[in-house]
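J.: Let me begin by handing over the structure; questions about it come next.
Protein chains: 4
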Amino acid sequence: MSDYQPRDPGFAARVRASFARQHLMHTLGAQLTRVAPGECEIEMPFSLDFAQQHGFLHAGTLTAVVDSACGYAALSLMAPGAAVMSVEFKVNLLAPAAGERLVARARVVRSGRTLTIVAGDGFMRDGADERHIFTMLATMMAVAGRAGIAD
Amino acid sequence: MSDYQPRDPGFAARVRASFARQHLMHTLGAQLTRVAPGECEIEMPFSLDFAQQHGFLHAGTLTAVVDSACGYAALSLMAPGAAVMSVEFKVNLLAPAAGERLVARARVVRSGRTLTIVAGDGFMRDGADERHIFTMLATMMAVAGRAGIAD
Amino acid sequence: MSDYQPRDPGFAARVRASFARQHLMHTLGAQLTRVAPGECEIEMPFSLDFAQQHGFLHAGTLTAVVDSACGYAALSLMAPGAAVMSVEFKVNLLAPAAGERLVARARVVRSGRTLTIVAGDGFMRDGADERHIFTMLATMMAVAGRAGIAD
Amino acid sequence: MSDYQPRDPGFAARVRASFARQHLMHTLGAQLTRVAPGECEIEMPFSLDFAQQHGFLHAGTLTAVVDSACGYAALSLMAPGAAVMSVEFKVNLLAPAAGERLVARARVVRSGRTLTIVAGDGFMRDGADERHIFTMLATMMAVAGRAGIAD
Chain A
0 MSDYQPRDPG
10 FAARVRASFA
20 RQHLMHTLGA
30 QLTRVAPGEC
40 EIEMPFSLDF
50 AQQHGFLHAG
60 TLTAVVDSAC
70 GYAALSLMAP
80 GAAVMSVEFK
90 VNLLAPAAGE
100 RLVARARVVR
110 SGRTLTIVAG
120 DGFMRDGADE
130 RHIFTMLATM
140 MAVAGRAGIA
150 D
Chain B
0 MSDYQPRDPG
10 FAARVRASFA
20 RQHLMHTLGA
30 QLTRVAPGEC
40 EIEMPFSLDF
50 AQQHGFLHAG
60 TLTAVVDSAC
70 GYAALSLMAP
80 GAAVMSVEFK
90 VNLLAPAAGE
100 RLVARARVVR
110 SGRTLTIVAG
120 DGFMRDGADE
130 RHIFTMLATM
140 MAVAGRAGIA
150 D
Chain C
0 MSDYQPRDPG
10 FAARVRASFA
20 RQHLMHTLGA
30 QLTRVAPGEC
40 EIEMPFSLDF
50 AQQHGFLHAG
60 TLTAVVDSAC
70 GYAALSLMAP
80 GAAVMSVEFK
90 VNLLAPAAGE
100 RLVARARVVR
110 SGRTLTIVAG
120 DGFMRDGADE
130 RHIFTMLATM
140 MAVAGRAGIA
150 D
Chain D
0 MSDYQPRDPG
10 FAARVRASFA
20 RQHLMHTLGA
30 QLTRVAPGEC
40 EIEMPFSLDF
50 AQQHGFLHAG
60 TLTAVVDSAC
70 GYAALSLMAP
80 GAAVMSVEFK
90 VNLLAPAAGE
100 RLVARARVVR
110 SGRTLTIVAG
120 DGFMRDGADE
130 RHIFTMLATM
140 MAVAGRAGIA
150 D
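Residue numbers (numbering that gives the first Met the number 0), protein chains in the order written: chain A, 0 to 150; chain B, 0 to 150; chain C, 0 to 150; chain D, 0 to 150.
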């Protein structure tokens, strides 16, 4: 499915272990539902605790989940030992984030040695219906050799 | 201090009331510490619950607080009855978000009838020291006449 | 091919007429090679006149052509009488822009009454080979009733 | 004036020499009017050749000049031998670019070893009057050791 070759054959376990250490993902009740070379999917149930003043999921909540998916799509292609950090991203909010479940999907656009460009999207799912509500274009960086920082 | 004239003399109370209805700001323990025409400041204590895998505040957490500050800086200049919604934003992460307290400051760059451009920044405060860790450039929209959507 | 229904049945002629009035596109030697509902393609031959200091096409040149493609993809869906203006865009440069020809392709992500979100990409073509070198995420606005501003 | 210490004492001559090799800046009739550690200013006279269909300077023209200013603000702080390349940028168009002269000003927000974050702005000048029409937030990269690529 994916066009990318992982530099680390253990990429999937590494992404899952890093996700498990993400405090915010735990707080949000988010789950890593798929990882492939250069791709990642995360889901989160709707909760009013993470909504804005009109009752829709807050742009910051959407950003947190899609940014994490983008970061792990990037990490899946990084060499062993590198940590992933977000350099920057841009977001467009396409429609109010109402629905049962947020689904975030990210795929690498370009994988470089230092920088990885990733496109991410957010969808609200209601039963079998999915609505595209969010899109992100992000730059991720591979950071190596910083004490205490890995994956 | 500010160059802008509010269209709504009750802008400050309106911003405070809307902030009080922001579920996510309550969840994060964030407080609105300042509002002026075209300007807004929000603070949040560091909490590991909202951190990423390396123990720094997650980019989504920073985005949530700075985006809210940008939205309220925009709302402070909007006509009575309009609701504010984020159209899009771009973020650069300047340094790891470690410290006691996140301080988000936003100021309107250009106030239009429909669209407002806002610059926001995030700082980590430790005692008297503040470090610039995050910068955002955002577009906010005034939405009028949508049932159930105000401020 | 396209999922969108144009609001203006004469959208293609209207886009072509507006493109013909774009001074910069003429200066760059760019040509409108395709227009469909919500989609647009523009090509430009490489020229050192529009290069940066290392001999690659300048980021501003790439932006000009891809932004125009994004604007016309948006205009193709706008109601008669509306003019299109760029509100904002974000760009990632993926690889140096060397090659015979720049090909810019844009497609609408979301079409609203006032705002249209468009994704655009730039490719350098050498013979039959195409290389992805540029990606843009843009917001376009429909402006109506401004004297002297149309399409 | 500037808070930054240049790593290269010959930074100003180096920026001026690189600017002189920018084909597009020459084509646009742009001039480098100021360089300081972490800062750069470029001016360009209005010309219809670089306008869009409504007679205002094209977003791509504005981007070209402000991106160049951002790149040289970054280069002014880079170590000798490094070349500067744009990684990504985000732009907001604040008002139509009508007037006698475009003035672009850039200043570094954060200077890192590999990445430099720069804020740039565009103004249209008419006589003594300046109008803020454009704002950019950009990431620049220091590239070393690539054959044929310097400054």
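Quick reminder that beta carbons are idealized off the backbone N, C-alpha and C, glycines included.
As the structure is a prediction and not an experimental result, all values here were calculated from the model.
1. Please report how far the alpha carbon of residue 142 of chain C lies from the alpha carbon of residue 22 of chain A, in whole angstroms.
2. DSSP three-state label for residue 49 of chain B, please.
3. Counting only C-beta atoms, is residue 62 of chain B closer than 8 Å to chain C at any point?
4. Which residue marks the beginning of the alpha helix (DSSP H) containing residue 72 of chain A, and which one marks its end?
5. Alpha carbon to alpha carbon, what distance is there between residue 79 of chain A and residue 110 of chain C?
6. Between residue 92 of chain C and chain B, is any beta-carbon pair separated by less than 8 Å?
7. Comparing C-alpha positions only, which one of D:97, D:69, D:11, D:146 sits nearest to residue 59 of chain C?
8. Please state if the CB of residue 65 of chain C and the CB of residue 10 of chain C are separated by a distance shorter than 8 Å.
9. Beta-carbon separation of residue 214 of chain D and residue 107 of chain D under 8 Å?
10. Do you know offhand how far residue 0 of chain A's Cα is from residue 14 of chain A's?
11. Compute the beta-carbon to beta-carbon distance between residue 29 of chain C and residue 42 of chain C, rounded to the nearest angstrom, for a pair I have assumed lies under 8 Å.
12. Specify, as a first and last residue, the run of the alpha helix (DSSP H) that residue 15 of chain D falls within.
13. I need the straight-line Cα distance from residue 5 of chain D to residue 25 of chain D, nearest angstrom please.
14. State the beta-bridge partners of residue 139 of chain D as determined by DSSP.
15. Do the region 38 to 53 of chain C and the region 45 to 52 of chain D meet, that is, are 3 or more Cβ pairs less than 8 Å apart?
16. Would residue 18 of chain D pass as a contact of residue 99 of chain D if the rule is Cβ separation under 8 Å?
17. Helix, strand or coil: which one does DSSP assign to residue 27 of chain D?
18. Starting from the beta carbon of residue 148 of chain C, find every residue of chain D whose beta carbon is closer than 7 Å, and list them in chain order.
19. DSSP beta-bridge partners for residue 44 of chain B?
20. For the candidate residues C:117, C:147, C:102, C:33, whose alpha-carbon lies nearest to that of residue 125 of chain C?
21. From residue 83 of chain D to residue 130 of chain D, what distance separates their C-alpha atoms?
22. Using a beta-carbon distance cut-off of less than 7 Å, what residues from the region 108 to 128 of chain D approach chain A?
23. Write down the C-beta distance between residue 118 of chain C and residue 93 of chain C rounded to the nearest angstrom, noting that I regard them as a contact closer than 8 Å.
24. Taking residue 67 of chain B as the reference, which of B:47, B:7, B:139 has the closest Cα?
25. Would you kindly work out how many angstroms separate the C-alpha atoms of residue 47 of chain B and residue 146 of chain A, rounded to a whole number?
26. Under 8 Å, do residue 39 of chain B and residue 81 of chain B count as touching if we go by C-beta distance?
27. Please decide whether residue 0 of chain D counts as near chain A, where near means a Cβ-Cβ distance under 8 Å.
28. Give the interface partners of residue 136 of chain C over in chain A, defined as CB-CB distance under 8 Å, in chain order.
29. Going by the beta-carbon positions, is the gap between residue 86 of chain A and residue 114 of chain D smaller than 8 Å?
30. Residue 121 of chain B: which of B:127, B:149, B:90 sits nearest, CA to CA?
31. Bridge partners of residue 123 of chain C, per DSSP?
32. Do you know whose CA, among C:27, C:57, C:37, C:8, lies nearest residue 2 of chain C's CA?
33. Is residue 65 of chain D close to chain A? Criterion is C-beta to C-beta, closer than 8 Å.
34. Against chain D, with Cβ distances strictly below 8 Å, would residue 4 of chain C count as a contact?
35. By Cβ distance below 7 Å, which residues in the same chain neighbour residue 148 of chain A in space, the five residues on each side in sequence not counted?
T.: Well, looking at it:
1. 44 Å
2. helix
3. no
4. 58 to 74
5. 42 Å
6. no
7. D:69
8. no
9. Chain D is shown only over 0 to 150; residue 214 of chain D falls outside these bounds and no answer can be derived.
10. The predicted position of residue 0 of chain A is uncertain, since its pLDDT is 49 and thus under 50; a value taken from the coordinates is nonetheless stated next. Answer to the nearest angstrom: the Cα atoms are 18 Å apart.
11. 7 Å
12. 10 to 19
13. 27 Å
14. D:85, D:115
15. no
16. no
17. helix
18. 53
19. B:100
20. C:102
21. 29 Å
22. 113, 114
23. Actually they are not in contact, since the Cβ atoms of residue 118 of chain C and residue 93 of chain C sit about 14 Å apart, beyond 8 Å.
24. B:139
25. 19 Å
26. no
27. A caution first: residue 0 of chain D carries a pLDDT of 49, below 50, which makes its placement in the model unreliable, though a value can still be read off. Not one chain A Cβ lies under 8 Å of residue 0 of chain D.
28. 89, 91, 134, 136
29. yes
30. B:90
31. C:101, C:130
32. C:37
33. no
34. no
35. 82, 142
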